[in-house]
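Letter by letter, the sequence shown follows residues 2 to 312 in my numbering.
All C-beta atoms, glycine included, are put in the ideal place defined by N, C-alpha and C.
All values derive from a computational prediction rather than experimental measurement.
Here is the structure we will look at, set down as C-alpha coordinates.
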Amino acid sequence: MEEKSLRWIPITAIAAIAWGSTYFVTNHLLPAGSPLWGGLLRALPAGLVVLALARKLPTGAWWWRSLLLGVLNVGGFFVLVYIAGQRLPSSLAATLMSTSAAVMMLFAWALLRQRPTLAAVIGAAAGLGGVLLMLGADGGGVDPWGVAASLGAMVSSSLGYILTARWGGDVPALHMTAWQLLGGSLVLLPVAVIVEGAPPALTPGSALGFAYVSLIATALAYVCWFSGLRRLPASAVGIVGLLNPVTGVLLGVLLAGEAFGPAQVIGIALVLLGVALGVVGPRLVAARAVRRGGRIPAVAGNPPASAPRGT
(Lines of atoms letter the chains of each structure in order from A and count residues from 1; the text may use other names and numbers.)
(Lines give C-alpha, C1' and ligand atoms only; values in the text may rest on other atoms or scores of the structure.)
Protein backbone atom coordinates (compact mmCIF):
# COMPACT_ATOMS: atom_id res chain seq x y z
CA MET A 1 0.00 0.00 0.00
CA GLU A 2 1.40 3.39 -0.99
CA GLU A 3 2.25 5.95 1.65
CA LYS A 4 -0.25 8.46 0.27
CA SER A 5 -3.02 5.89 0.63
CA LEU A 6 -2.60 5.65 4.39
CA ARG A 7 -4.40 8.94 5.01
CA TRP A 8 -7.58 7.39 3.64
CA ILE A 9 -7.66 4.80 6.41
CA PRO A 10 -9.04 7.18 9.10
CA ILE A 11 -11.44 8.67 6.54
CA THR A 12 -12.77 5.19 5.77
CA ALA A 13 -12.98 4.49 9.50
CA ILE A 14 -15.41 7.42 9.85
CA ALA A 15 -17.95 5.36 7.92
CA ALA A 16 -17.48 2.25 10.04
CA ILE A 17 -17.78 4.23 13.27
CA ALA A 18 -20.87 6.11 12.05
CA TRP A 19 -22.52 2.85 11.03
CA GLY A 20 -21.69 1.36 14.43
CA SER A 21 -23.57 4.21 16.10
CA THR A 22 -26.77 3.36 14.22
CA TYR A 23 -27.36 0.37 16.53
CA PHE A 24 -27.84 2.71 19.49
CA VAL A 25 -29.81 5.33 17.54
CA THR A 26 -32.13 2.73 15.98
CA ASN A 27 -32.84 1.03 19.30
CA HIS A 28 -33.50 4.24 21.24
CA LEU A 29 -34.93 6.73 18.73
CA LEU A 30 -36.35 5.16 15.58
CA PRO A 31 -39.85 3.58 15.27
CA ALA A 32 -40.12 -0.18 15.03
CA GLY A 33 -42.20 -2.23 12.59
CA SER A 34 -41.62 -0.27 9.37
CA PRO A 35 -38.38 -1.56 7.81
CA LEU A 36 -39.22 -0.40 4.26
CA TRP A 37 -40.07 3.15 5.29
CA GLY A 38 -37.20 3.12 7.76
CA GLY A 39 -34.76 2.33 4.95
CA LEU A 40 -36.36 4.88 2.63
CA LEU A 41 -36.37 7.70 5.20
CA ARG A 42 -32.70 7.01 5.78
CA ALA A 43 -31.66 6.85 2.12
CA LEU A 44 -33.80 9.40 0.26
CA PRO A 45 -32.97 12.61 2.19
CA ALA A 46 -29.28 11.70 2.17
CA GLY A 47 -29.38 11.05 -1.57
CA LEU A 48 -31.05 14.39 -2.31
CA VAL A 49 -28.51 16.28 -0.18
CA VAL A 50 -25.52 14.58 -1.83
CA LEU A 51 -27.00 15.01 -5.32
CA ALA A 52 -27.40 18.75 -4.65
CA LEU A 53 -23.68 18.85 -3.85
CA ALA A 54 -22.63 16.61 -6.76
CA ARG A 55 -24.91 18.30 -9.32
CA LYS A 56 -24.54 15.50 -11.84
CA LEU A 57 -26.86 12.72 -12.95
CA PRO A 58 -25.71 9.29 -14.16
CA THR A 59 -24.96 8.76 -17.83
CA GLY A 60 -24.92 5.67 -20.03
CA ALA A 61 -24.46 2.38 -18.18
CA TRP A 62 -24.46 4.19 -14.85
CA TRP A 63 -28.27 4.38 -14.91
CA TRP A 64 -28.67 0.62 -14.48
CA ARG A 65 -25.53 0.31 -12.39
CA SER A 66 -26.87 2.91 -9.96
CA LEU A 67 -30.12 0.95 -9.58
CA LEU A 68 -28.29 -2.35 -9.06
CA LEU A 69 -25.73 -0.94 -6.65
CA GLY A 70 -28.46 1.07 -4.94
CA VAL A 71 -30.34 -2.15 -4.18
CA LEU A 72 -27.22 -3.98 -2.98
CA ASN A 73 -25.64 -1.19 -0.92
CA VAL A 74 -28.64 0.90 0.12
CA GLY A 75 -32.25 -0.19 -0.42
CA GLY A 76 -32.09 -3.91 0.18
CA PHE A 77 -29.24 -3.56 2.64
CA PHE A 78 -31.02 -1.03 4.86
CA VAL A 79 -34.22 -3.10 4.93
CA LEU A 80 -32.43 -6.36 5.74
CA VAL A 81 -30.44 -4.69 8.52
CA TYR A 82 -33.68 -3.29 9.95
CA ILE A 83 -35.32 -6.73 9.90
CA ALA A 84 -32.27 -8.35 11.50
CA GLY A 85 -32.28 -5.67 14.21
CA GLN A 86 -35.93 -6.42 14.96
CA ARG A 87 -35.57 -10.21 15.06
CA LEU A 88 -32.11 -10.69 16.58
CA PRO A 89 -30.24 -9.35 19.60
CA SER A 90 -27.97 -6.52 18.44
CA SER A 91 -24.92 -8.49 19.56
CA LEU A 92 -25.77 -11.46 17.34
CA ALA A 93 -26.70 -9.26 14.36
CA ALA A 94 -23.44 -7.33 14.66
CA THR A 95 -21.45 -10.56 14.97
CA LEU A 96 -22.96 -11.94 11.77
CA MET A 97 -22.35 -8.65 9.93
CA SER A 98 -18.70 -8.60 11.01
CA THR A 99 -18.00 -11.58 8.75
CA SER A 100 -18.16 -9.14 5.83
CA ALA A 101 -14.37 -8.66 6.07
CA ALA A 102 -13.79 -12.25 4.97
CA VAL A 103 -16.57 -12.16 2.36
CA MET A 104 -15.21 -8.93 0.84
CA MET A 105 -11.81 -10.58 0.44
CA LEU A 106 -13.42 -13.53 -1.38
CA PHE A 107 -15.38 -11.25 -3.72
CA ALA A 108 -12.26 -9.13 -4.32
CA TRP A 109 -10.30 -12.25 -5.18
CA ALA A 110 -12.98 -13.45 -7.62
CA LEU A 111 -13.96 -10.13 -9.26
CA LEU A 112 -10.94 -7.84 -8.85
CA ARG A 113 -8.16 -10.45 -8.92
CA GLN A 114 -6.91 -9.14 -5.56
CA ARG A 115 -5.41 -12.20 -3.91
CA PRO A 116 -5.49 -11.74 -0.11
CA THR A 117 -2.20 -11.90 1.73
CA LEU A 118 -1.67 -14.19 4.69
CA ALA A 119 -1.55 -11.12 6.95
CA ALA A 120 -4.94 -9.96 5.67
CA VAL A 121 -6.46 -13.40 6.27
CA ILE A 122 -5.02 -13.53 9.79
CA GLY A 123 -6.23 -9.98 10.39
CA ALA A 124 -9.77 -10.85 9.33
CA ALA A 125 -9.74 -13.94 11.56
CA ALA A 126 -8.38 -11.96 14.53
CA GLY A 127 -10.94 -9.21 14.04
CA LEU A 128 -13.83 -11.64 13.79
CA GLY A 129 -12.57 -13.48 16.86
CA GLY A 130 -12.44 -10.20 18.75
CA VAL A 131 -16.01 -9.33 17.76
CA LEU A 132 -17.24 -12.78 18.83
CA LEU A 133 -15.45 -12.43 22.14
CA MET A 134 -16.85 -8.93 22.78
CA LEU A 135 -20.42 -9.69 21.91
CA GLY A 136 -20.59 -13.25 23.17
CA ALA A 137 -22.82 -16.12 22.18
CA ASP A 138 -26.55 -15.62 22.30
CA GLY A 139 -28.07 -17.74 25.03
CA GLY A 140 -31.68 -17.64 23.80
CA GLY A 141 -33.45 -18.99 20.78
CA VAL A 142 -32.22 -17.75 17.42
CA ASP A 143 -34.75 -16.52 14.86
CA PRO A 144 -33.78 -18.17 11.52
CA TRP A 145 -35.39 -15.34 9.51
CA GLY A 146 -33.33 -12.82 11.46
CA VAL A 147 -30.16 -14.80 10.77
CA ALA A 148 -31.07 -15.03 7.08
CA ALA A 149 -31.71 -11.26 6.93
CA SER A 150 -28.42 -10.44 8.63
CA LEU A 151 -26.39 -12.76 6.41
CA GLY A 152 -28.26 -11.48 3.36
CA ALA A 153 -27.41 -7.90 4.27
CA MET A 154 -23.76 -8.82 4.76
CA VAL A 155 -23.46 -10.63 1.41
CA SER A 156 -25.45 -7.94 -0.41
CA SER A 157 -23.31 -5.06 0.82
CA SER A 158 -20.04 -6.97 0.37
CA LEU A 159 -20.88 -7.74 -3.27
CA GLY A 160 -22.09 -4.17 -3.79
CA TYR A 161 -18.90 -2.66 -2.42
CA ILE A 162 -16.71 -4.85 -4.62
CA LEU A 163 -18.78 -4.02 -7.73
CA THR A 164 -18.47 -0.34 -6.77
CA ALA A 165 -14.70 -0.73 -6.65
CA ARG A 166 -14.71 -2.61 -9.99
CA TRP A 167 -16.88 -0.14 -11.90
CA GLY A 168 -16.31 3.15 -10.14
CA GLY A 169 -12.58 3.79 -10.37
CA ASP A 170 -13.11 6.99 -12.39
CA VAL A 171 -16.32 8.19 -10.71
CA PRO A 172 -15.99 10.76 -7.89
CA ALA A 173 -17.14 9.44 -4.51
CA LEU A 174 -19.71 12.24 -4.19
CA HIS A 175 -21.38 11.24 -7.46
CA MET A 176 -21.21 7.55 -6.61
CA THR A 177 -22.87 8.15 -3.25
CA ALA A 178 -25.70 10.27 -4.68
CA TRP A 179 -26.48 7.85 -7.52
CA GLN A 180 -26.60 4.77 -5.29
CA LEU A 181 -28.65 6.42 -2.55
CA LEU A 182 -31.22 7.68 -5.05
CA GLY A 183 -31.15 4.44 -7.05
CA GLY A 184 -31.92 2.45 -3.93
CA SER A 185 -34.63 4.95 -2.92
CA LEU A 186 -36.35 4.76 -6.32
CA VAL A 187 -36.59 0.98 -6.05
CA LEU A 188 -37.67 1.10 -2.40
CA LEU A 189 -40.37 3.82 -2.63
CA PRO A 190 -43.09 1.90 -4.52
CA VAL A 191 -42.46 -1.23 -2.47
CA ALA A 192 -42.81 0.71 0.81
CA VAL A 193 -46.08 2.33 -0.33
CA ILE A 194 -47.60 -0.96 -1.52
CA VAL A 195 -46.49 -3.13 1.41
CA GLU A 196 -46.54 -0.76 4.40
CA GLY A 197 -48.90 1.99 3.27
CA ALA A 198 -48.42 5.41 4.83
CA PRO A 199 -45.07 6.28 6.46
CA PRO A 200 -44.84 6.01 10.26
CA ALA A 201 -45.69 9.07 12.34
CA LEU A 202 -42.57 10.85 13.59
CA THR A 203 -41.93 12.20 17.06
CA PRO A 204 -39.27 14.84 17.77
CA GLY A 205 -36.97 12.04 18.91
CA SER A 206 -37.50 9.84 15.87
CA ALA A 207 -37.13 12.86 13.54
CA LEU A 208 -33.80 13.64 15.19
CA GLY A 209 -32.79 9.98 14.87
CA PHE A 210 -33.63 9.87 11.16
CA ALA A 211 -31.77 13.14 10.60
CA TYR A 212 -28.67 11.60 12.19
CA VAL A 213 -28.78 8.24 10.37
CA SER A 214 -29.56 9.96 7.06
CA LEU A 215 -27.07 12.84 7.07
CA ILE A 216 -24.23 11.47 9.23
CA ALA A 217 -24.50 7.67 9.16
CA THR A 218 -25.51 7.60 5.48
CA ALA A 219 -24.57 10.70 3.43
CA LEU A 220 -21.25 11.44 5.15
CA ALA A 221 -20.46 7.79 5.87
CA TYR A 222 -21.00 6.59 2.30
CA VAL A 223 -18.88 9.39 0.82
CA CYS A 224 -16.07 8.38 3.19
CA TRP A 225 -16.57 4.67 2.47
CA PHE A 226 -16.61 4.98 -1.32
CA SER A 227 -13.57 7.28 -1.13
CA GLY A 228 -11.74 4.55 0.75
CA LEU A 229 -12.85 1.88 -1.72
CA ARG A 230 -11.24 3.85 -4.55
CA ARG A 231 -7.88 4.20 -2.81
CA LEU A 232 -7.47 1.20 -0.47
CA PRO A 233 -7.41 -2.56 -1.06
CA ALA A 234 -10.71 -4.32 -0.45
CA SER A 235 -9.22 -6.42 2.36
CA ALA A 236 -8.12 -3.31 4.26
CA VAL A 237 -11.53 -1.65 3.79
CA GLY A 238 -13.31 -4.78 5.00
CA ILE A 239 -11.18 -5.10 8.09
CA VAL A 240 -11.47 -1.40 8.94
CA GLY A 241 -15.22 -2.05 8.80
CA LEU A 242 -14.83 -4.21 11.91
CA LEU A 243 -14.74 -0.92 13.85
CA ASN A 244 -18.50 -0.90 13.27
CA PRO A 245 -19.41 -3.45 16.00
CA VAL A 246 -16.68 -2.09 18.27
CA THR A 247 -18.39 1.30 18.15
CA GLY A 248 -21.74 -0.31 18.90
CA VAL A 249 -20.35 -2.00 22.01
CA LEU A 250 -18.61 1.14 23.26
CA LEU A 251 -21.73 3.28 22.84
CA GLY A 252 -23.75 0.64 24.66
CA VAL A 253 -21.30 0.79 27.56
CA LEU A 254 -20.96 4.58 27.71
CA LEU A 255 -24.56 5.61 26.97
CA ALA A 256 -26.70 2.61 27.90
CA GLY A 257 -24.76 1.33 30.90
CA GLU A 258 -24.03 -2.11 29.48
CA ALA A 259 -21.43 -4.32 31.15
CA PHE A 260 -17.78 -3.92 30.15
CA GLY A 261 -15.36 -6.57 31.38
CA PRO A 262 -12.14 -8.36 30.43
CA ALA A 263 -13.77 -10.08 27.44
CA GLN A 264 -14.66 -6.71 25.88
CA VAL A 265 -11.16 -5.33 26.49
CA ILE A 266 -9.48 -8.34 24.88
CA GLY A 267 -12.02 -8.31 22.05
CA ILE A 268 -11.35 -4.67 21.17
CA ALA A 269 -7.61 -5.36 21.24
CA LEU A 270 -8.07 -8.26 18.80
CA VAL A 271 -10.15 -6.11 16.45
CA LEU A 272 -7.53 -3.36 16.43
CA LEU A 273 -4.86 -5.99 15.82
CA GLY A 274 -6.89 -7.30 12.90
CA VAL A 275 -7.18 -3.78 11.46
CA ALA A 276 -3.43 -3.28 11.79
CA LEU A 277 -2.61 -6.59 10.10
CA GLY A 278 -5.05 -5.98 7.28
CA VAL A 279 -3.70 -2.50 6.59
CA VAL A 280 0.03 -2.94 7.21
CA GLY A 281 0.45 -6.53 5.98
CA PRO A 282 -0.08 -5.87 2.24
CA ARG A 283 2.20 -2.82 2.46
CA LEU A 284 5.02 -4.95 3.87
CA VAL A 285 4.55 -7.50 1.07
CA ALA A 286 4.84 -4.78 -1.58
CA ALA A 287 7.88 -3.21 0.12
CA ARG A 288 9.63 -6.59 0.29
CA ALA A 289 8.97 -7.18 -3.41
CA VAL A 290 10.37 -3.76 -4.32
CA ARG A 291 13.51 -4.34 -2.24
CA ARG A 292 14.08 -7.60 -4.08
CA GLY A 293 13.73 -5.82 -7.40
CA GLY A 294 10.77 -7.91 -8.47
CA ARG A 295 7.28 -7.14 -9.69
CA ILE A 296 4.77 -6.08 -7.05
CA PRO A 297 2.48 -9.09 -6.62
CA ALA A 298 -1.25 -8.86 -7.35
CA VAL A 299 -2.28 -9.29 -3.71
CA ALA A 300 -5.15 -7.53 -2.00
CA GLY A 301 -2.93 -4.64 -1.07
CA ASN A 302 -1.69 -4.13 -4.60
CA PRO A 303 -4.30 -4.65 -7.31
CA PRO A 304 -2.76 -5.39 -10.69
CA ALA A 305 -2.48 -2.60 -13.21
CA SER A 306 -4.80 -4.55 -15.47
CA ALA A 307 -7.50 -4.88 -12.81
CA PRO A 308 -10.83 -4.45 -14.61
CA ARG A 309 -12.63 -1.12 -14.34
CA GLY A 310 -15.92 -0.02 -15.77
CA THR A 311 -16.45 -3.04 -18.01
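Judged by DSSP in its simplified three-state form, Arg116 adopts strand. Annotated as distal: Val247 and Ile267, with beta-carbon spacing of 9 Å or more. Sequence-distant partners of Val104 (beyond 5 residues in either direction) whose C-beta falls short of 7 Å from its own C-beta, in its chain, are Met155, Val156, Ser159. Around Leu182, the same chain offers Ala44, Ala47, Gly48, Val75 as residues with beta carbons nearer than 6 Å, after the five sequence neighbours per side are excluded. The residue among Leu7, Ala14, Trp38 with its C-alpha nearest the C-alpha of Ser215 is Trp38.
With a contact defined as Cβ atoms closer than 8 Å, Ala166 and Leu113 qualify at about 6 Å. Taking C-beta separations shorter than 7 Å and ignoring five residues to either side along the sequence, the partners of Trp110 in its chain run Arg116, Pro117, following chain order. The Cβ-Cβ distance between Met106 and Ser151 does not fall below 9 Å. When rounded, the separation of the alpha-carbon atoms in Lys57 and Ser228 is 17 Å. Inclusion of Leu70 and Trp9 in the CB contact set at 9 Å is not warranted, their separation being larger than that value. Beyond the five residues adjoining it in sequence on each side, Leu73 comes within less than 8 Å, by CB distance, of Ser157, Ser158, Leu160, Gly161, Leu164 in the same chain, given in chain order.
Short of 7 Å from the beta carbon of Val82, and not among the five residues preceding or following it, lie these beta carbons of its own chain, in chain order: Ala154. Counting only residues of its own chain and dropping the five nearest sequence neighbours on each side, Phe78 has a CB closer than 6 Å to the CB of Ala154, Ser157, Ser158. Taking 9 Å as the cut-off, the beta carbon of Gly124 is found closer than this to the beta carbon of Leu278.
Look at Val172 here: in three-state DSSP terms it is coil, with no helix or strand label.
Sorting Val250, Ala212, Gly258, Pro263 by C-alpha distance to the C-alpha of Leu41 places Ala212 at the top. Within the model, the alpha-carbon separation for Val238 versus Asn245 is close to 12 Å.
DSSP places Ala218 in the helix class (H, G or I) of the three-state scheme. Relative to Leu187, the option among Ala127, Pro263, Ser67, Asp171 whose CA is nearest is Ser67. In the three-state reduction of the DSSP assignment, Ser22 falls in the helix class, which pools H, G and I.
Distance from the CA of Ala222 to the CA of Trp65, rounded to the nearest whole angstrom, comes to 23 Å.
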